[in-house]
Structure formats: C-alpha cells, structure tokens
Amino acid sequence: MINTKNWDWGIQNKVLADIAEIKSRYQDVHEFVVSPDGEKIAAPVVLEDDTFTACVNNDQWPDTFEKLWYLRFSPGNKLTALVMSDDEWTLAVDGRVYEENYEYAWDVRFSENGESISMLYKRDNLYGVALNGKPWANGFVAIRDYCLSPDGKRTAATVQVKTLDEADVFGFFAGAWSVAVDGKVWPEKFINAWKPAFSKDGSLVAAEIRTDICEYSVAVNGKSWEKKYGSVWDPVFRPGNGSVIAAVKEGSNWFLAENGSRIWGRNYNQIWLPKLSPDGKRIAAVASPEFGKWTIAVDDRPWAKLFDDMVLAPVFSPDGKRVAAIVKENNHWSIAVDGKTWPESYDMIWDPVFSPCGKNVVAKAEKNGRYAVVLNGKNIGTNYDALWPPIFSPDGDKILLRYIADGKYYREVRPLN
Amino acid sequence: MYEFVRGPLVWLAFIVFILGSIYRLLQIRSQLKKDKVVFSYMNFKYGMRSILHWITPFGAVNMRKRPAFTIMSFLFHFCLIITPIFLLGHNLVWYESWGIHWWTLPERITNIMTIIVVAAGFIFALRRIADPTVRLVTAFSDFLLLLIVLAPFITGLFAYYQAFDYKTMITLHILSGCLWLMIIPFTRIVHMIFFGISRAYMGSEFGYVRHAKDW
Amino acid sequence: MKLIDSPESKVVDPGLDETIKKLTPEKIKRVVDHVLTKENAGRLQMYIDTCVHCGLCAEACHTYLSRDKDPNFSPVAKVKNTLWELVKQKGDVSPEFIRQAARIAFTECGACRRCSMYCPFGIDIAYLIMIVRRICSLLGVVPQYLQDTTNSHAATSNQMWVHQDEWIDTLQWQEEEAGFEIPGVRIPLEKEGADVMYSVIAPEPKILAQLLGNMAMIMKVAGIDWTMPATDGWDNSNMAMYSGDFEIMGRVERLHWETAARLKVKKIVMGECGHAFRGAVYDGPKWLGWKFPPIPMVHAIEFYYDLIKSGRIKIKEKYKEPVTIQDPCNTVRGRGLGDKLRYVVNELCEDFTDVSPNQEHNYCCMAGGGTINCGPPWKKSRMISNRVKAEQLAATGAKIVITPCHNCHSGIEDIIGYYNLGMHVKFINEILVETMERPE
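Sequences listed follow chains A, B and C, in order.
The first sequence runs 0 to 416 under numbering that gives the first Met the number 0.
The second sequence runs 0 to 214 under numbering that gives the first Met the number 0.
The third sequence runs 0 to 439 under numbering that gives the first Met the number 0.
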C-alpha cells in the first residue's frame, strides 16, 4: 500500500494547470494522467517537429523522443513513459531515460509499495522482464503473463522454453511453457501456464497450469497440485501462510479449492477472481450461482441479489468486514456493498474505494459524458469534465478529489460529513 | 380375441399413450433443464412465430422448394390425425361405450382421407428406397414404423369394405391402432410430441437471441 | 460399421493420422460417454429421438449440392456417419472410426446452420456436429492446422502466435501510415473510459495490417472516442470454439470481455469477422455463464450502418465497379444483419447485384466453422464442396465480392481462384475509406 501520510491534506481547492492553455501550446495533446497525490497532471504531447515529450503541469520534459506513450504515474508519484529514440525503446522516469535500450519494451508495472518499476522487453529476438531498468540474465522465445512481487524485488512471467516449428502440435502438447522467476525458469514444463502470482513475501510463485488437453491445475514453485481439474482460474495466495486458493471446475461445477482440496461446498455455474481479506480469513469471489445470473459470494454464501449483466472483482474493506463490487444490470453500472446496490445507476463506474475504517465507500462515476464522485450512493461532486478516482485521507475524514472543470485542473481536499 | 382388443387393450393403449407421453415430456423437461441454456433462451413470441411458420403449408423456404412433397406431407399428417378422431365408426364406438359423441366427417370424406394416408405412406416408403440420399439414412426401423402407422388405416379400409373376414380385420385394426398409440412416446413418432419443443427452441434461438428468421 | 472410402478419406493429416495411433478402446469409450452423458443433455436426446430420417435437410447443404447430391454429404448423413454410431455403439468404435468422424465434422461441415432452417423440427444439426468435434478434441484428434490455431489461442490468447510487442508495434506503425492519409489520425492505446473498444482478429495485425489503419481513419472521420488494448485480450477470434476445446474458448472470451471492462468502455465494436462474432456474442458467453454478452458488442456491419445512417460519415463518390455480397453466416443467419449490410453496400457502391439465394439463406463460404483453418491438406476438398458458391457468384456478373468476414474473405478468394471467376474480394472497410468524405 502506498503511504499517503506525507501528502498535503490541508483543506483547500487549488488550480494546478490550465488545460486549455496546454492544449493550445502543442500540435497535439494525448490523454491526461494525474499523480496519486494530485499535485501533478501530465500528458504526452506532440511538438511542431512531430517529436514527442511529456508535459507536466506547466513544464515539459527537456528531452524529446521519436515516440512517447503509456505515460503513467507510479504509486510514489514518479512519472514514467515508454519512449523511442533511434528505433530503440526504453523507459523514461521523470524525464530521465534508463540506460538499457531494447528492440521493444512495453507493459510497465509498479510494485504495490511504489518502489519498483518493471516492464517486458524484447532484445535479439528473446523476451524477458526488466526490473528497475535491469533486464533478466536470460531471455526466452516468448513471454506472456507477468507479475511483480508485492515488495517489488522479484518478477515472474510465463515463458515459452523451447522453440516450436510451425504447426508443431506434438511439440506443443509435450509441454513448451513454464514460469520464469527473476529469469530462472522452473524445471517443470507444461502445455500452458498462465497468471503467475507471488506470495506476500515474494518467496513463492503460483500459476495456472494445463497438463493435458483438458486437465488443469495450479503449480506452486513448479510443483503441481496433485489434484487435477477440468479448468482453473486465478490462483491467489492467502496472506499469512503460503497456501494458494483458486477457482476450479469439476464436471460442470465450479468451486474454490485451497492447495488442491475443496474449501467451498456449494456448486457454482461459474466462479472466478477469488480475493482475500487483508487478514487472510475471508474469501470473496465473483460467482454465478445459476446460468445467466451473477453476484459476489463471500465465504461460500452468494449475495441474495443477483445481476444479469456482469459483476467485477470484489473489494474488501481494510478491516475485512465489508465487500463491495462493481455490478451491471440492464446495461447500467452501479456498485453493490454487502449485497445492497446503490440506488442510482451510471453509464460507467470505477472501482469502489473503502475508507480506512471501512464505513464509507466512494467511487468515480460517469453519466451523460460527465463525471461525478459518489459516496455511499450519493453524488457529492458532479459535472466534471474529467475525474480521477477519489482517495481517502489516512484518517478517513477527508477526501482528495482530482478533476478537470471549466478547462482547469483542480486538486481539492474536502472534509467528509 | 375381439373382446380383449375391444376392451382391455384399448384401455391399455390409451393409458400407455397418455402416461407414456407425460413421462417423455417430464423426462425431456428434466433433461432440457440440465442443458442450462434451453429454458433461459426459450421465448414465447419467437417460439410461436417459428411453430406457426412451420405448421403453415409453404410457410418455409424448404416447403416451397418441393411443392409436391409439401402437399403430400401436410395431407398425410392432417389426415393421419383428423381421420381417426372424426371417423363415424370411431364416434359410434365412443357413444356405445361412454355415451359421448361429437361431430363426424362424412364417410365418403374419411374414406378418401384414409386412402390419402395409405397412399402417402407408400410414397414415403418408395422415397426411402428410390432416393439415394434418404436411402442412406434409412434403417429397417423406419419401414417398420411406417408399417405400424399405416396398418390401422389399411386394416380399417379393408374392414370398412369388408374385403376379408370382417371380424378378423376389425380385430387387426384395433390391434394395430393400439400398437400405434402405444409406441408413439417411445419411438421416433415421438416427434409428434417433441415438435413443438424443438421448433420453439430453434425459433427462440434464431429470433430472440440471433435476431434472424428460421424458415 | 463400414468406413467411407473416398478421395477425402485418403487425405494425409498428422493431426488425424498420428493421433489416432494413441487411442485405446477404453479411452474412446470414456470420452464418448463423458461427452454424451455429462456434457450434453436435453437437446441431444430430443434431436436424436425426433429426427425421422426424412433427408429434407439435404438440399440446405452447399457440400451436398456441390458434390452432385452425394448422399454422404447431406447433413443427416454426416450425423449418421458420426454421432448416431457413437450413440448406438455407446462409444465402442475403432480409432479409424474416430478419424472418419473427425474428418466429417471438421472438414466437411462448416457449422453454418443453414440445414437447421430446412429441418421441419428445427433440429440444430450443427450443434450435433459440434458434439462430435468436442469428442474428437478431447481425444486429441483434430486436423493439425486447426489444432495449431487453438494452441495459439491457448498460449497467446490470439489466433496467430502474435507476440505482445508485435501487436503494439503494428498498431503504432498503422497509426503512422494512416496519419499520412489523414493528419491527426490516432489509434489511442489503453485509453481508459473511451466509448468504444475496437477489437479484431489476429490476421489483421499479422497479414492485413492496413485494415487497422483504415479503421483508424474511419474512427477519426466519424469522431468516435475509441481505444484498443495494448495487452492480450484484443483478439476476438476463437478457433478453440470450432476445434471443440471449450475450456480454451472460454478462457479467450473471458479475457476479451475483462479487457473491455478494464478499459471502462461502453461497448465493443469488432472488425469484419463472422466467427469472432459468434464466439464473442454467443458461444463464449454461454460457456462462461452469461446469457447475453456482458457489454454490448457491435459488429462492423452494424457500426458502418450507424455511421452512414446518422450522417457521421458521408460518401463523397460511390464505388463504380460492379459488386456483390457474401452474406456471412454468423452475422446474417446468426444476427439478421442482412438488411443493414445491403443498406451499407448500396450507400457505398453504384452497381450492386444481389446473390441468390441471399440473406439467411445464403450459402456458406466453406471457409468458416474452422474449415479453412484445417489448412492446405483439405483445401481441394473444400473447393469441391462449394461449387454452388462459384456458380452463385458468377451469376451476379460482379467484379468485386464484398465479404465482411475474414473467413468468407479467404474462402471466397480461394473459390474465385479455383473456379477462375476473375473476381476480387474486398472488405467494406476498404471501400469505405476509398469513398468517404475526408476532412479538408
């Protein structure tokens, strides 16, 4: 989690940039991004000579590039972008480029604590992960899903470990995929491996694996669960111990298993995205108790309210007592907290955010092309041209709003009550 | 023998037909429930739209492509169902046994209708032999089923015209009629019961789900 | 049961020939039993019990018509030669029988569903063929090239082994190319909160990249707020659906929908592809548990229709060459978009002659349903199986066949070549960028 204690939590509403003015300054201005602390707004901009750079508040990075995209702020408020010069790609952080260049680099990610930055790269036709500018010692013929450990010290990715000729279906089924951790590949090969995930301390990696045409399981540090299933989704570690929970399919039923043993007794038509409460004691997951109906199941009890369209990943409150999720019905989006849907629905809604005490839930929402801040189902700020997800202060008494209105970018800290 | 077929066997036939049909309906309902999507997509409007198109002569493209077959097939099925229900002789039996009676068709008409059923049935059989496409997918059981379906009509005709020994013929007539009733739920003649369900599902999938026509 | 002896039965395909060597009677029986009793229920039983072997489905099938009414090519015969036998023998069949079933189900039926419009009972014969494919898939007996495509979906979430960097790089390159045509054109990647996510099938970045540039121009001219993902989940195609690997099918579709949800778009617009529409809107959601797609999905035909009808795109000068249409099964019979397709073509082209039969009744291209993905060994058989398509197209006298579907596009191109029709195929996309009014 990022530390928000040092941010400016004084009640205020300040204008940090004139958006209209920025747009008038450049040939083209791409999508704006804002820093988590709200102090900076930035965008990739195109200069008159068709080169790119990043504009930050009223400044711009000194260097220009042939291409610049994927401008993103890290949780620690560093501004990063993928940049190309002389046909080579690398990452620029706060305007300074990494020393290592690549044939291609993409999919930049940040560790939870905001300390580490990683990305995928291709060099000499081999693929790997670069962590804080350092590429893996070994490259692979292909790379796909990857992740960073919560402390930002390690990286893991699904990789293809042997070259296959065109249409070599036999080589494929003999097993050509595995997981590489910090560039070192597991000795075990699988038909497929997907979605690697680290344990809290970074010592274990779990991944979905496929061991036969229709035989799936979970591997932890290379070792498959003994039990095999008809399909598997989303392995995740239980905080506190090294055990892994995943959604699995047996026959036509889905349920949750932990370390290869069934832990949820109810049969679901579908279940995925199991999430654990911070203390690791409770589990919530997106579940379909019957065909065409979706909800959240918490500790194997589905909410009474079912939704037709879609339900997104559950979010636990910091104390683990409450669960919220984005829900969709009749092509309208809303948020449900502990099975109760907010009264209004929206054209689009962003992830629910719990206050530190768990009492309040806030989200960014869109209606008719305008954006609103919704707190516990009530609009507390509306009609913004653009808005970024609201953030609670550490004590939960205040809320940080970052928005564009009347052509200007505002950073507002507002008391709650 | 006549007494047996005229009494207990008819009872048995109707009981087997009715209970068998109910059993098949319940059984297919539970099977269709396991097939998760079926009841979820079933839609009254589009189901009916499809059924109506397909019980209307020339209501579907395929029917228009083969007019002679279409006319024959509709006549066959129409006469097959209507004739026994509105036949004077059957009505008299109902009246004799239960004191109930309803509207009857003139015997001249039912005679023609019976002949149509038998003639169409024979053409169906011939088609199974003559058309290589149909022959390939025809099993011996297809002829057997056709024979069971036609038997009451043939024997009925013979009985009516007293062509052979009447008593024997009428016994055979009742016997075959009962057999016919009894096998409906348990053979491919079950299409009589399932037609509405399979048609309604396809109509729903085409109309309600895929926004398209299915005729 | 006697196996069919024909030129097709002698085609060499390691995906069938090598894989049946590993089959044991026990394995075949186990898989058949599992699929017939555990994975399928009501419809299978209803359809088997209801079919009266009347053969009225025969003339619906382009393979039957094209092969001078060869009885083995009628839809019901394809079921008889595969599924009926599996049901009757309760899975006690030989590996060679499984090979025959795979050949019929994968290469001689495109699951186009035309025959279900000719069956008086509405029996979904393509569904029965898909059950056979499922059995073959679980036994590992799938034509090599089709299996390879499914393997690509499994490993990369796209159809053609496209690496993630190749995908993004291609979009950036096409953005540049389109920018030369219309200044300021962008392909906005990873734009959270855009109205539209545009998704395509892997042959676009791999071999037909200009279609992406074309779409960027169309989006620019129409003023659409759109985005494309720079992660996996961009490919809406799904050959796993056709090879019978429903677990991989579901995996691919889940990622596609989750990508749209992650990007916070209000709808997905997809390129000109038919089977991808089927996978994303019907088969994928159904397997995953959605009755309907979780987020609205608009096929390109409908998207162009809306743009032209609403005046967001105006046509400067109509296309002059005589054109005709290939109605894609999965968007016309599968979505009723035939009228909208004709509206678009009439708005874009001066000289349009319709095919006959048309709309829901149009013949399949014999490339869809995974058939073209079975690869070169089966091409000749596919061509022989669609002579009626060649005759139908030739009768229009058109020079251009508009094919708003990738499989149709490749399939019709093959037919034009094989039967020397002297025509060309085009996507709507290509004619639209040529004819639309561009900003000054």
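Note that the Cβ used here is the ideal one computed from N, Cα and C, for glycine as well.
Practice prompt. Show which residues of chain B have a CB atom less than 9 Å away from the CB atom of Gly291/A.
Written response: Lys35, Val36 and Ser39
Worksheet item: Are any of the Cβ atoms in chain C nearer than 8 Å to that of Ser197/B?
Response: True, the Cβ-Cβ gap to chain C drops below 8 Å.
Practice prompt. Apply the 10 Å Cβ neighbour rule to Tyr97/A and answer buried if 16 or more other Cβ atoms are within range, or exposed otherwise.
Written response: buried
Discussion item. DSSP three-state label for Trp93/B, please.
Written reply: DSSP places Trp93/B in the helix class (H, G or I) of the three-state scheme.
Discussion item. Tell me the DSSP secondary structure of Lys37/C in three-state form.
Written reply: Here DSSP, grouped into helix, strand and coil, assigns Lys37/C to helix.
Discussion item. So, for Glu164/A: in the same chain, excluding its five sequence neighbours on each side, which residues have a beta-carbon less than 8 Å away from its beta-carbon?
Written reply: It is Asp, not Glu, that sits at residue 164/A in the sequence shown. Counting only Cβ-Cβ distances below 8 Å, and skipping sequence neighbours, we find Gly170.
Item to complete: For chain B, find out if any of its Cβ atoms is closer than 8 Å to the Cβ of Glu359/C; answer yes or no.
Response: Interface residue, yes.
Worksheet item: What are the start and end residues of the alpha helix (DSSP H) that includes Leu143/B?
Response: Phe139 to Tyr159 is the span of the alpha helix (DSSP H), which, as asked, contains Leu143/B.
Worksheet item: At a Cβ threshold of 8 Å, is Phe254/A touching chain C?
Response: no
Worksheet entry | Extent of the continuous alpha helix (DSSP H) to which Val30/C belongs | Pro24 to Asp32
Worksheet item: Based on the DSSP secondary-structure assignment, which residues constitute the bridge partners of Asp27/A?
Response: Val45/A
Worksheet entry | Identity of the residue in Arg381/C, Arg437/C and Ala260/C nearest Gly416/C by Cα | Arg381/C
Worksheet entry | Ala283/A and Phe315/A closer than 8 Å at C-beta | yes
Practice prompt. Note down the Cα distance separating Ser96/B from Ile14/B, rounded to an integer number of angstroms.
Written response: Rounded to whole angstroms, Ser96/B and Ile14/B show a C-alpha spacing of 17 Å.
Discussion item. Just list the residues that DSSP pairs Glu87/A with in beta bridges.
Written reply: Secondary-structure assignment with DSSP links Glu87/A through a beta bridge to Ser84/A.
Practice prompt. Flag Met201/B as yes if its beta-carbon sits less than 8 Å from any beta-carbon of chain C, otherwise no.
Written response: yes
Discussion item. Tell me which residue opens and which closes the beta strand (DSSP E) that Phe205/B is part of.
Written reply: No beta strand (DSSP E) contains Phe205/B, which DSSP labels as neither H nor E.
Worksheet item: In terms of residues, what are the limits of the alpha helix (DSSP H) holding Ile188/B?
Response: Boundaries cannot be given for Ile188/B, as no alpha helix (DSSP H) includes it and DSSP labels it neither H nor E.
Worksheet entry | For Phe72/C, three-class secondary structure by DSSP | helix
Item to complete: Could you please give the first and the last residue of the uninterrupted alpha helix (DSSP H) stretch that includes Trp253/A?
Response: In the DSSP assignment, Trp253/A falls outside any alpha helix (DSSP H) and lies within the beta strand (DSSP E) extending over Asn252 to Glu257.
Worksheet entry | Inter-residue Cα distance where the pair is Pro56/C and Arg134/B | Residue 56/C is actually Cys in this sequence, not Pro. When rounded, the separation of the alpha-carbon atoms in Cys56/C and Arg134/B is 14 Å.
Discussion item. Using a 10 Å radius around the Cβ and a threshold of 16 neighbouring Cβ atoms, would you call His210/B buried or exposed?
Written reply: exposed
Practice prompt. Could you check the C-alpha separation between Met181/B and Met238/C for me, to the nearest Å?
Written response: 46 Å
Worksheet item: Can a CB atom of chain C be found closer than 8 Å to the CB of Met118/A?
Response: no
Worksheet entry | Bounding residues of the alpha helix (DSSP H) (the contiguous stretch that carries Ile134/C) | Ile124 to Leu138
Worksheet item: In terms of DSSP beta bridges, what is Lys327/A paired with?
Response: Met309/A and Trp332/A
Worksheet item: Should Gln59/A be labelled buried (16 or more other beta-carbon atoms within 10 Å of its own) or exposed?
Response: With 16 or more other Cβ atoms within 10 Å, it is buried.
Worksheet item: How would you write the range of the alpha helix (DSSP H) that Trp179/B sits in, first residue to last?
Response: Tyr165 to Ile182
Worksheet item: In its own chain, which residues sit with a C-beta less than 6 Å from the C-beta of His423/C, not counting the 5 before and 5 after it?
Response: Ile399
Worksheet item: Using the C-alpha atoms, what's the distance from Thr52/A back to Tyr370/A?
Response: 28 Å
Discussion item. Counting only C-beta atoms, is Lys64/B closer than 8 Å to chain C at any point?
Written reply: Yes, Lys64/B lies at the interface with chain C (some Cβ there is under 8 Å from its Cβ).
Discussion item. Please classify Lys263/C as buried or exposed, where buried requires at least 16 other C-beta atoms within 10 Å of its C-beta.
Written reply: buried
Discussion item. If I measure Cβ to Cβ from Ala218/A and keep anything under 6 Å in the same chain, skipping five residues before and after, which residues do I get?
Written reply: Ala206 and Ile208
Worksheet item: Taking Cβ-Cβ distances below 7 Å as the criterion, which residues of the segment 171–193 of chain B are in contact with chain C?
Response: Arg187, Val189, His190 and Phe193
Fill in: Residue from Phe194/B, Ile81/B, Leu51/B and Ile54/B with nearest C-alpha to Ile111/B
Ile81/B
Discussion item. Helix, strand or coil for Leu203/A? Go by DSSP, reduced to three states.
Written reply: coil
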